[in-house]
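This report refers to the structure that appears directly beneath it.
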Amino acid sequence: MSQDLRIVELDVDDPTAVDAAYTIGNEAIAADLPDLPPVCRYEHDVRIRLPMPGADRHTFLAYRGEEPVGLLQVDLPVHDNLDKAILELLVLKQHRRQGVGRALYRHAVDFGLARGRTSVMGFSVITDRDGAPVGSAAPFAAAIGHENKLLDVRRRFDLSTADDAELDRLLAESWPKAAGYTTVQWGNLPPEDLIEDLALLDSSFLDEAPNGELDYEPEKIDADRLRRASEVRAQYGARRYETGVIHEATGQLVAWTAMRVAKTIDWHAWQLVTLVHPEHRGHRLGMITKAVNLRTLRAQEPAVQMIDTFNAEVNAHMIAINEAMGFRAVDRWANWQASVA
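Structure below.
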């Protein structure tokens, strides 16, 4: 049935097409992940016109007749990983198993190959926390020749179960091991006097985080690149809460964590990156940054009920911190990759 499909690049000046992209994204995700929040409409509309720097983004819609049935986003990194295309492919539930996904995937591969991209990547839920299959991604990925190169686990912190006394205990236990360090906090835009250190930490993320068998080059983040990304991201309307740790003897930023709350989704937050400089590990800085940042978010965002985060299944140290705070496993996600050369 894919012969009657029409795949076109999204026209950002066509409100009907922009609406279709928003609807497909929300409905397709909700079919497999009903506990996740919807996409923030404000952020969706801004991102369509102003994608994050660092990747050349192309969005396509699949139509059957005049009905939009699928969505494809292709991100082509522009600084590193110049052989990669990163895909998000979504099909409305009622149109699955009808060739829509395969047609969109073939379109993505051809589009990428024409631009020198010989490796394609994607990310999707595959099982619940007990290993039972979830969603349609795993059989589809296997059918098109992708392999799971790294297993991630999503964990959720239901703040109605937060044990404030336990969080206080964790911080009280951690601070004596962090003599000579102090915390600093900021919002959407990092302080200019810390941006060089922050860029160095950000660049270390893929070097330090477990990457399994993924073929992915660590990104080289400099101050200008980080500054530009922060300025663009701030326009999406989300509220970011970021906490760093300063090594007092050198004035260097040596640890960092971040959370974000979307502009129109006040009940949910994402726990994002947490990094500690290798030379400053063993001082409980990961726990301190995350717990202090959580306190700030809860004080500023009383409507937040749930916080989600991802960790590689083998990242035992960060998982231990998260679980001590109250995060619990929800489901497992695959990092798919395939060579298409």
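Residue numbers (this note's numbering): 1 to 341. The C-beta atom is built at its ideal place from N, Cα and C for all residues, glycine as well.
Euclidean distance between Cα positions of L159 and L89: In the sequence shown, counting from the first residue as 1, residue 159 sits at position 159. In the sequence shown, counting from the first residue as 1, residue 89 sits at position 89. Straight-line Cα distance between these residues: approximately 32 angstroms.
R225 beta carbon near the ligand NAD (any heavy atom closer than 7 angstroms): Looking at this structure, you won't find the ligand NAD or any other ligand, since it has none at all.
Validate contact between the region 290 to 304 and the region 74 to 82 using beta carbons, cut 8 angstroms, 3 pairs: no
Chain-order list of residues whose beta-carbon lies under 6 angstroms from that of D152 (same chain, five-residue window excluded): As a working mapping, residue 152 is identified with position 152 in the sequence shown. Taken in chain order, the residues that qualify are F310, A312, W333.
M121 - DSSP class collapsed to helix/strand/coil: One-based indexing of the sequence shown puts residue 121 at position 121. Here M121 sits in strand by DSSP.
Three-pair Cβ contact test at 8 angstroms for the region 226 to 237 versus the region 272 to 280: no
Beta-bridge pairing of L253 - partner residues as DSSP gives them: For the purposes of this step, residue 253 is taken as residue 253 along the sequence shown, with counting starting at 1. Its beta-bridge partners are I246.
Rounded C-alpha distance that separates A329 from E192: One-based indexing of the sequence shown puts residue 329 at position 329. One-based indexing of the sequence shown puts residue 192 at position 192. C-alpha separation (whole angstroms): 36 angstroms.
Residues near N322 by beta carbon distance below 6 angstroms, same chain, minus five either side: Taking the first residue of the sequence shown as position 1, residue 322 is located at position 322. Excluding residues within five positions, the ones whose Cβ falls inside 6 angstroms are R155.
Under 8 angstroms between C-beta atoms of M121 and W256: On the sequence shown, position 121 is the one that residue 121 refers to. On the sequence shown, position 256 is the one that residue 256 refers to. Contact flag unset, no.
Through-space distance from K263 to I350, alpha-carbon basis: The shown model of the chain, from 1 to 341, leaves out residue 350, and the question about it has no answer.
Residue from N315, L226, L200, H280 with nearest C-alpha to G212: One-based indexing of the sequence shown puts residue 212 at position 212. Here the closest residue by C-alpha is N315.
When D168, R96, T16 are compared against G135, the one with the closest alpha-carbon: For the purposes of this step, residue 135 is taken as residue 135 along the sequence shown, with counting starting at 1. It is R96.
DSSP bridge partner residues for H277 (one or two, in chain order): For the purposes of this step, residue 277 is taken as the residue at position 277 of the sequence shown. According to DSSP, H277 bridges with nothing at all.
Contained beta strand (DSSP E) runs [length at least 3] in the region 84 to 119, N- to C-terminal order: 84 to 91
Environment of R117 [buried if 16+ CB atoms lie within 10 Å]: Taking the first residue of the sequence shown as position 1, residue 117 is located at position 117. When all chains shown are included, R117 counts as buried.
Three-state secondary structure assigned by DSSP to M287: Indexing the sequence shown from 1 puts residue 287 at position 287. Residue state, collapsed to three classes: helix.
C-beta contact flag for T127 and Q185 at 8 angstroms: Counted from its first residue, the sequence shown places residue 127 at position 127. Counted from its first residue, the sequence shown places residue 185 at position 185. Cβ atoms of T127 and Q185: not closer than 8 angstroms.
Distance, A320 Cα to I246 Cα: Sequence index remark: in the sequence shown, residue 246 carries index 246 (1-based). Sequence index remark: in the sequence shown, residue 320 carries index 320 (1-based). Roughly 23 angstroms between the two C-alpha positions.
Rounded separation between A28 and L189 - CA only: Working through the sequence shown from its first residue, we reach residue 28 at position 28. Working through the sequence shown from its first residue, we reach residue 189 at position 189. Roughly 32 angstroms between the two C-alpha positions.
Euclidean distance between Cα positions of A17 and V69: To locate residue 17, count along the sequence shown from 1; it is residue 17. To locate residue 69, count along the sequence shown from 1; it is residue 69. Computed Cα separation, rounded: 12 angstroms.
Rounded separation between A132 and D32 - CA only: As a working note, residue 132 is residue 132 in the sequence shown. As a working note, residue 32 is residue 32 in the sequence shown. Taking the straight line joining both Cα atoms gives about 13 angstroms.
Closest residue to I195 among L150, G54, G251 (Cα-Cα distance): For the purposes of this step, residue 195 is taken as residue 195 along the sequence shown, with counting starting at 1. Answer by Cα proximity: G251.
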